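Down below is the structure, laid out as structure tokens.
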Amino acid sequence: MKYFRIPIFLLSLSLAGLLSACPQPDREIKRVQFLMGTQVEIIARGADDKQLEQAASKGFGEIERLDFKLSKYRPDSMLSRINRQAGISPVKVDDEMMMLLEKSLQVCRESQGAFDPTILPMLSVWKIGDANPSPPGDAEVKEKLKLVGCGKIVLDQDHQTVFLPEPGMGIDLGGIAKGYAADRAAGVLKENGVKSGLVNAGGDLTVFGVTGKGIAIGIQHPRYREKIIGKVYLKRGAIATSGDYERFYIFNGVRYSHIIDPRTGYPVQREASVSVKADTGLIADAWATALFVLGREAGLKLLQSRPDLEALFLEPSGDFGATEWFYENMTWGQAAPRED
Ligand code: ADP
Ligand code: MG
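Under this note's numbering, think of the first position of the sequence shown as 107, with each following residue one higher.
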């Protein structure tokens with residue numbers, strides 16, 4: 107692990123600007139749709155355009171299906187049904203929801219509670235996403251924090267139910283849904299004859315079947331979006347980014363991000379962004395959120411015993427840190443940070 111100081115003031119980073127890929131097999135299409143409140147991009151390569159077109163549209167359909175199920179904004183979603191029954195009764199769910207909750211609980215435990223799917227009451231207190239948000243008082247934060255804790259969720263494997271035992275509790279899958287959706291859409295592409303490609307759900311990317319050097323994933327300069335800090339190549343697997351710049355509000359000069367530290371109840375201010383590489387989008391997404399909460403120092407320490415995860419941390423101060431994979435595989439661009 108090495109630390110570098112960035113001479114220019116870097117606030118955040120995002121994964122976008124998907125560049126060239128090599129070598130080019132057969133045919134390739136790129137399609138974009140606005141789903142899950144974000145821009146979703148599909149790149150599909152295979153034998154014929156018509157097949158790729160149909161596969162891409164099924165891929166988008168899969169993401170839409172997941173939005174209907176996992177959205178906290180849709181009153182008829184499976185997630186909203188669980189949340190409405192908080193403190194009332196267990197709710198029967200399907201295999202997929204069971205799996206997502208189990209994985210969420212696992213990351214919650216492994217991250218010492220930094221990733222916590224029961225964060226929903228805190229998002230309401232901080233009015234994240236509201237038209238005119240303002241920060242709450244300390245007493246209110248303290249009070250609502252009592253409703254948070256992934257250990258409170260009751261998952262009954264035999265009856266396939268989930269129960270939130272206290273009224274006011276709520277589950278939010280916003281820190282995991284896009285990465286999982288990218289995985290699932292990639293699965294649908296494969297099932298429909300796509301040889302290789304990529305699904306980018308708002309900066310959470312899943313790549314599959316790519317040969318040669320891989321697909322180049324451009325890492326954008328946080329404040330000069332036309333500039334590339336660097337790029338990494340992926341043949342398969344996923345990269346997800348959590349940042350303080352896509353969804354936040356500024357009140358009296360303070361930036362409040364949409365990621366809340368479940369241990370304190372306050373929005374995280376340490377990191378500007380964290381990018382994580384993992385085998386699946388689900389895991390990359392969950393850990394990007396978890397490591398954003400933990401911060402560079404604690405995060406890098408935890409990652410020493412996690413060879414399955416790689417991460418790149420950017421802090422508002424301009425400092426950054428990463429695990430070896432990023433240092434070894436990152437090709438720095440024109441806006442690259444320089445070592446002192
Ligand atoms: P993005 O939505 O920018 O890709 P993330 O994947 O990190 O970023 O997801 C952030 C979302 O996760 C928030 O909008 C919220 O819905 C949820 N969330 C916020 N704090 C936490 C937390 N500590 N643990 C789990 N989920 C969280
Ligand atoms: Mg996430």
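Where a beta carbon is used, it is the ideal one built from N, C-alpha and C, also for glycine.
Quantities reported herein were computed from a predicted structural model and do not represent experimental measurements.
Shown here for G219: same chain residues with a beta carbon closer than 8 angstroms to its own, the five before and five after excluded, namely G255, C256, P368, R369 in chain order.
Apart from the 5 residues on each side of it in sequence, T437 sits with its Cβ closer than 7 angstroms to the Cβ of G336, K337 in its chain, given in chain order. For the segment 143-194, the continuous beta strand (DSSP E) assignments of 3+ residues that do not extend past its boundaries occur at 144-152, in sequence order.
Secondary structure note for I389: its alpha helix (DSSP H) is the uninterrupted segment 387-409.
Comparing C-alpha distances from G276 to each of I325, A153, V197 shows the shortest one belongs to V197.
For ligand 1, a non-hydrogen atom lies closer than 7 angstroms to the CB of P368.
CA-to-CA, the gap between I148 and I323 works out to about 14 angstroms.
For S302, the secondary structure class from DSSP, reduced to helix, strand or coil, is strand. Cα atoms of I135 and R342: separation of roughly 18 angstroms, rounded to the nearest angstrom.
Its Cα nearest to that of Q263, the residue M204 stands out among G281, A384, M204. Proximity to A245 across E216, M228, K258, T395 peaks at M228, based on C-alpha coordinates.
The continuous beta strand (DSSP E) containing F314 extends over residues 310-314. Around the beta carbon of V146, 16 or more other beta carbons lie within 10 angstroms, which makes this residue buried.
As a beta-bridge residue in DSSP terms, Y339 pairs with A322. Here G349 is not near S302, since their CB atoms are 8 angstroms or more apart. Separation of the CB atoms of A161 and L295 is rounded to 5 angstroms, and the pair is thereby assigned contact status at 8 angstroms.
Note on S210: 16 or more other CB atoms within 10 angstroms of its CB, so buried under the neighbour-count rule. Membership of S210 in the alpha helix (DSSP H) is indicated by the continuous run 201-216.
By DSSP's assignment, S363 forms a beta bridge with F354.
Restricting attention to beta strand (DSSP E) runs no shorter than 3 residues, the segment 218-273 encloses them at 260-262, 267-269, ordered along the chain. CA-CA distance, D278 to M184, rounds to 12 angstroms.
Going by C-alpha positions, G299 is about 8 angstroms away from L158. Between H364 and F357, the C-beta spacing is not below 8 angstroms. A residue is called buried once 16 or more other Cβ atoms fall within 10 Å of its Cβ, and G165 is buried on that count. E421 and D200 have their C-alpha atoms roughly 39 angstroms apart. In the same chain as I259, and ignoring 5 residues on each side of it, the C-beta atoms closer than 8 angstroms to its own belong to L207, L211, P223, T224, V268, F269, L270, I277, in chain order. In terms of Cα proximity to A384, the closest of S411, G405, A417, Q410 is A417. With fewer than 16 other beta carbons inside 10 angstroms of its own, I194 counts as exposed. In terms of Cβ geometry, L408 and L400 form a close pair [threshold 8 angstroms]. A check of alpha carbon separations from G274 across Y286, R190, G315, F432 identifies R190 as the nearest. Its Cα nearest to that of G285, the residue G308 stands out among H265, E297, F140, G308.
For D155, same chain residues with a beta-carbon under 6 angstroms away, outside a window of 5 residues either side, are R133 in chain order. In this structure, DSSP gives D425 an extended state, which the three-state scheme calls strand.
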